[in-house]
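Asker: Numbering (my numbering), first residue to last: 67 to 182.
Don't be surprised by glycine CBs; every beta carbon is placed ideally from N, CA and C.
Keep in mind the model is a prediction, meaning the values are calculated, not measured.
#1: For residue 176 and residue 145, which I take to be in contact (beta-carbon distance under 8 Å), what is that distance rounded to the nearest angstrom?
#2: Which same chain residues, not among the five before or five after residue 131, have their C-beta less than 7 Å away from its C-beta?
#3: Indicate whether the contact test is met: 3 or more Cβ pairs, each with one atom in the stretch 112-129 and one in the stretch 138-153, closer than 8 Å.
#4: Can you tell me whether residue 111 is helix, strand or coil according to DSSP?
#5: Leaving out the 5 sequence neighbours to the left and right, which residues in its chain are closer than 6 Å to residue 69 when beta-carbon positions are compared?
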């Protein structure tokens, strides 16, 4: 029986959901956040449909790397990524299992943003 390896995108989705949980009580150190963001940027490389999310990922990464993160900008980036992820989850090429995970990610991003 042949097993298929999950894509980098799917592994990043699982890792991110693991880090955030439901987002209400997540504590993510800036260094861990930067690693997650870098992972997503690598996973989405070359994917034309994710340009808006990649721009937010880069902005958030740069904000965290600054050493003095702007919490308002973090909140804005998280909410913007949640909005873009909602749009992507509705694409016809997204299977139902991934759609559920993306919906969970949207919830986690919105909940996490309320901590800032």
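Answerer: The structure says:
#1: Start at 1 with the first residue of the chain shown, and residue 176 comes out as number 110. Start at 1 with the first residue of the chain shown, and residue 145 comes out as number 79. Residue 176 to residue 145, Cβ: 7 Å. Contact.
#2: Counting from 1 along the chain shown, the entry for residue 131 is found at position 65. For residue 131, where only same-chain residues beyond five positions count, the Cβ hits under 7 Å are 100.
#3: Short answer: they touch.
#4: For this step, residue 111 is matched to residue 45 along the chain shown. Reduced to three states, the DSSP call for residue 111 is coil.
#5: Your numbering for residue 69 matches position 3 in the chain shown. Note that residue 69 scores 49 on pLDDT, short of 50, meaning its location in the model is unreliable; the coordinates nonetheless yield the value given after this. None.
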